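Protein chains in written order, with the working numbering: chain W, 2 to 746; chain A, 720 to 800.
We put the CB at the ideal spot given by N, CA and C, even for glycine.
It should be emphasised that the depicted structure is a prediction, and the values quoted were computed from it without experimental measurement.
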Amino acid sequence: MAYDEMKKAEFSIVGTRPRRPDGIEKVTGKAQYGADMTAPGMLHGLILRSPHAHARIKTIDTSAAAAMPGVKAVVTQADLPEVEAQDLKDIRENVLAGEKALYDGHAVAAVAATSMSAARAALDKIKVEYEVLPHVTDVDEAMKPDAPVVQAGRADETVPEGFSENVTGHWEFGHGDVDAGLKKAYLVVTRSFRTAATHQGYIEPHACLASLNSEGKGELWCCTQGQYHVRSVCAGLFHMDESQLRVTPSEIGGGFGGKTTVFIEPVALALSRKSGRPVKVVMSREEVFRATGPTCSSSIDVEIGMTKDGRITAGRANLRLQGGAFPCATAYMAAQAAFAAYDLEAVRTYGYNALTNRPKEAAYRAPGAPMAVYAVESVVDELCEKLNLDPLEVRLKNAAKKGTLSSYGPTFNDIGLVATLEAVKAHPHYTAPLGPNQSRGLSCGFWFNFGGNASVSLAVDPDGTVSVTEGNPDIGGSRASISMMAAEELGIPYEKVRTIVADTASLGFNDTTDGSRVTFMVGLATIEAARAAKAEMCRRVAKLWELEEDAVRWEDGAVHPAGPNAGKHPPMTLAEIAAIAGNTGGPIAGHHEVNAEGAGVSFGAHLCDLEVDKETGATKIVRYTVFQDAGRAVHPDYVEGQMQGGAAQGIGWALNEEYIYGEDGRLQNAGFLDYRIPVASDLPPIETVILEIPNPGHPYGVRGVGETSIVPPLAAISNAVSRAIGVRMSETPMSPPRILAAIKG
Amino acid sequence: MVRIKLWGSLRSLAGDREVLEVEARTLKEAIDAILEEVPALEPQIKRGVSFSVDGLVYRDSWFVPIDEAKEIVMMPRMVGG
């Protein structure tokens, strides 16, 4: 039966706010994070990193380090087997450099020793001879034909002639005649924007413990968003059977996309294989900044035409993104997302990816969308300001809706943008008076959302409780929402269900926790697993009552006779059925494995009031409201948390956060002291308005909510700042010096 | 025949065609037919593509039924954070 044919509209548990299952362990320090894992005989691993942005590695002499007391292994790229597939080649090259160091912080060698101090001393004894090469860290510089080439031969067949070899990909989307559309406009605004690279800023640094024996059997404990992906990559790198490498995810202290790949895990495995001992590697905060994946930086040109009454006649954007020293995909998602909120007759976007001497980009919440939407929403606001039009009415007038041919190709089905904008219009925030030097900014946001592979096993335990096993690390409250959906479907209290995240040997394959997929996709699989268990319980009771299977039905956590002809049997509860499972056929369980795709896209809108100190350029956000369609909010606390968390990260991106590279190509602010993420005192209480427009592709109507909320803040804040100071801002972060410079002209 | 819309930068590889018309009942059959008709698209298909079918995005599923009444759009493979 199709998933949308067994919909549920009335809920007793979904939509409530039960206590989070991981709260006590986390606040009492008992939760086991990546660095908490230990093993008998464990060694400590440390990684030597390049001090140069771009350098040929002429020699690496590890002999003195290997001879140090307590040192059990030293590895370089030569200790990683050769691989064929390009994606594995890139990962191998990134986790341990080969011929060249491609960025400041690129790993070049690693040691494992009996103590941290011994490992640190050995690291100092590794001699690397570098030939320093010219470098490039800026996206526009990297695209010039005479730019230093980061990696040769990486451009794909879509890149037009005339670009630097650093340009690896080109994507074009859109429809209609943009030039003709611009000619119809009363006003055309053209503006260029730049956004800085930012880090996900997760609190827990990457950590892992690896044990790989000489027979090729391995155990790996790590903090990750996807243990199955880690297994696939590491097994591929070491030519292992996936079944022989068990990966167990730890509790995770934030990921936001940054833990969807590997950095230290293959190095720890190589050290373990060479030493014959378990090896733990824990990144320092400096290493996290220098050598994991921040988001792309961007340089974007936007041109939009508008009629006098606010109808957009055409839009065009050129989006140039750099994602570090390896090809990445973010530019095409930026190009697809840029104009997604609008119903346009003519639109065209062009995305380019360029290689630079920076660390390889990793996903960060709605990758590509925040910078693209920032540029487009800034120009829309500028047009509204110049034409003296209400920015909300203009967005409503041009909003994408069901039947709109989207800017990236498909025609939209049921989407919630208009409802979201109407909610903004109806909210008191939109018309609340502003104080002196205060202004208000509005922006829409968009993200695709995914489904993907999921395996779920649901066991009815002998005492009538239920154990759910799923395979996606819980980075946003998924254990709670999955337990709630299982309890809802089975008609038992939430407290009777416990959900755990399995290792790779204990459950079938699961895609990574990304794409806002887990509550949607794993929730769907959990509901189906619960339905399978209910069907089995109905069969058992029907047999007990000597009835046909269709003569019983499940209701309120118990099996009932289906009608008067089925006789007068008192209902049998789940607990009663579980207690006699051994007598009626054995253990009762349900499981479901599926790749159910077709997740619905998500829209949001943010409203920001801020105050600018025109003498210093300092900003203070005084009110912030997030409006977003959740389809169905399973646990509203977590949904609000996602909406607030995305907004907080976007506020940091807009106002303060940036990777700062010096003339030497080295990162200058690799720590939270100099890379300033927002703290509680920087933010007002972030208000949330959850809209519930059920997703037809999910039995409970659930939509992913994890990513859309980071998309609107950049433009919402930029539009507020621009209106407050009377100068259009076009670069992030909008730090006080930059705002002051804009005021002074 | 089903109509499969390409994104702009693939059109030059497909003989300046915006839409490919192929015989296919599923996305798997569509991929096979595209590869046969436009071999120049093989590198992109190997790198990864998604398909939108009537507005819903599919990254992996081969057996999604398609027909001439459905809107099918080929897109680069989507990833998330």
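Leaving out five residues on either side along the sequence, give the residues of the same chain with a beta carbon under 7 Å from the beta carbon of residue i.
{"i": "W/Val613", "result": "Asn438, Thr620, Val722, Ala725, Ile726 and Ile740"}
{"i": "W/Arg541", "result": "Ile578, Thr585 and Gly586"}
{"i": "W/Val523", "result": "Ala455, Val457, Glu471, Asn473, Ser479 and Ile483"}
{"i": "W/Lys398", "result": "Gly311 and Arg312"}
{"i": "W/Ala271", "result": "Val76, Asp80 and Leu81"}
{"i": "W/Ala597", "result": "Tyr4, Gly452, Met522 and Leu525"}
{"i": "W/Asp1", "result": "Here chain W covers residues 2 to 746 and nothing more, so residue 1 of chain W does not appear."}
CB residue i to CB residue j, shorter than 8 Å?
{"i": "W/Ser193", "j": "W/Ile301", "result": "yes"}
{"i": "W/Ser517", "j": "W/Val706", "result": "yes"}
{"i": "W/Val712", "j": "W/Val15", "result": "no"}
{"i": "W/Gly248", "j": "W/Asp504", "result": "The question names Gly, yet the displayed sequence has Val at residue 248 of chain W. Yes. Within cutoff."}
{"i": "W/Leu188", "j": "W/Leu356", "result": "no"}
{"i": "W/Leu459", "j": "W/Ala590", "result": "yes"}
{"i": "W/Ala113", "j": "W/Leu49", "result": "no"}
{"i": "W/Phe413", "j": "A/Met797", "result": "no"}
{"i": "W/Leu418", "j": "W/Phe604", "result": "yes"}
{"i": "W/Ala420", "j": "W/Ala342", "result": "no"}
{"i": "W/Leu47", "j": "W/Gln78", "result": "no"}
{"i": "W/Ala123", "j": "W/Ile61", "result": "no"}
{"i": "W/Glu162", "j": "W/Lys59", "result": "no"}
{"i": "W/His607", "j": "W/Val627", "result": "yes"}
{"i": "W/Pro328", "j": "W/Gly258", "result": "no"}
For residue i, which residues of its own chain have a beta-carbon under 6 Å away from its beta-carbon, when the five flanking residues on both sides are left out?
{"i": "A/Val792", "result": "Lys724 and Ser771"}
{"i": "W/Thr339", "result": "It should be noted that the sequence gives Ala, not Thr, for residue 339 of chain W. Excluding positions up to five away in sequence, the list reads Ala318, Thr350, Ala373 and Val377."}
{"i": "W/Lys101", "result": "Arg57"}
{"i": "W/Ile253", "result": "Cys224, Pro474 and Ile476"}
{"i": "W/Glu304", "result": "Thr191 and Arg317"}
Identify, in the order they occur along the chain, each residue of the same chain with its Cβ nearer than 8 Å to the Cβ of residue i, setting aside the five sequence neighbours on each side.
{"i": "W/Ala86", "result": "Gly237"}
{"i": "W/Gln33", "result": "Ser251 and Glu252"}
{"i": "A/Met720", "result": "Glu740, Val741, Glu742 and Glu787"}
{"i": "A/Ala749", "result": "Val721, Ile723, Val741, Ala743, Phe770, Ile785 and Ile791"}
{"i": "W/Met2", "result": "Any answer about W/Met2 is weak, because its pLDDT of 37 lies below 50 and its placement is not dependable; what the coordinates show is given next. Closer than 8 Å at Cβ, skipping near neighbours: no residue."}
Using DSSP with H/G/I as helix, E/B as strand and the rest coil, what is residue i?
{"i": "A/Val798", "result": "coil"}
{"i": "A/Glu790", "result": "coil"}
{"i": "W/Leu668", "result": "strand"}
{"i": "W/Val75", "result": "strand"}
{"i": "W/Ser731", "result": "coil"}
{"i": "W/Gln226", "result": "coil"}
{"i": "W/Asp62", "result": "strand"}
{"i": "W/Met2", "result": "With a pLDDT of 37 at W/Met2, under the threshold of 50, the modelled position of that residue is not reliable, and the figure given next carries that caveat. Of the three classes helix, strand and coil, the one that applies to W/Met2 here is coil, per DSSP."}
{"i": "W/Arg321", "result": "strand"}
{"i": "W/Ile25", "result": "helix"}
{"i": "W/Asp512", "result": "coil"}
{"i": "W/Gly465", "result": "coil"}
{"i": "W/Tyr676", "result": "coil"}
{"i": "W/Lys126", "result": "helix"}
{"i": "W/Lys184", "result": "helix"}
{"i": "W/Lys544", "result": "helix"}
{"i": "A/Pro762", "result": "helix"}
{"i": "W/Asn657", "result": "coil"}
{"i": "W/Tyr431", "result": "helix"}
{"i": "W/Phe521", "result": "helix"}
{"i": "A/Ile750", "result": "helix"}
Is any non-hydrogen atom of the ligand COA found closer than 7 Å to the C-beta of residue i, if you look at the structure I gave you?
{"i": "W/Asn566", "result": "The model on display carries no ligand, and the ligand COA is accordingly not part of it."}
Just to check my reading of the structure: residue i and residue j have Cβ atoms closer than 8 Å, yes? What is that Cβ distance to the nearest angstrom?
{"i": "W/Ala332", "j": "W/Trp172", "result": "7 Å"}
{"i": "A/Leu754", "j": "A/Ile764", "result": "6 Å"}
{"i": "W/Phe521", "j": "W/Val640", "result": "Not really, about 12 Å apart at Cβ, beyond 8 Å."}
{"i": "W/Gly325", "j": "W/Tyr104", "result": "7 Å"}
{"i": "W/Gln629", "j": "W/Leu692", "result": "7 Å"}
{"i": "W/Trp222", "j": "W/Cys209", "result": "6 Å"}
{"i": "A/Pro795", "j": "W/Ala143", "result": "Not really, about 21 Å apart at Cβ, beyond 8 Å."}
{"i": "W/Trp654", "j": "W/Thr199", "result": "5 Å"}
{"i": "W/Val151", "j": "W/Asn358", "result": "6 Å"}
For residue i, which residues in chain D fall below 9 Å Cβ to Cβ?
{"i": "A/Lys724", "result": "As a matter of chain content, chain D is missing from the structure shown, whose protein chains are W and A."}
### Query
Which runs of the alpha helix (DSSP H) spanning at least 4 residues fall entirely within the stretch 345 to 423 of chain W, listed in chain order?
Counting whole runs of 4 or more residues, the stretch 345 to 423 of chain W contains the alpha helix (DSSP H) stretches 370 to 387 and 392 to 399.
### Contained beta strand (DSSP E) runs [length at least 3] in the stretch 226 to 301 of chain W, N- to C-terminal order
If you keep only unbroken beta strand (DSSP E) runs of at least 3 residues inside the stretch 226 to 301 of chain W, you get 246 to 250 and 280 to 283.
### Query
Hey, which unbroken runs of the beta strand (DSSP E) at 3 residues or more fall wholly within the stretch 570 to 631 of chain W?
You should have 589 to 596, 603 to 613 and 620 to 630.
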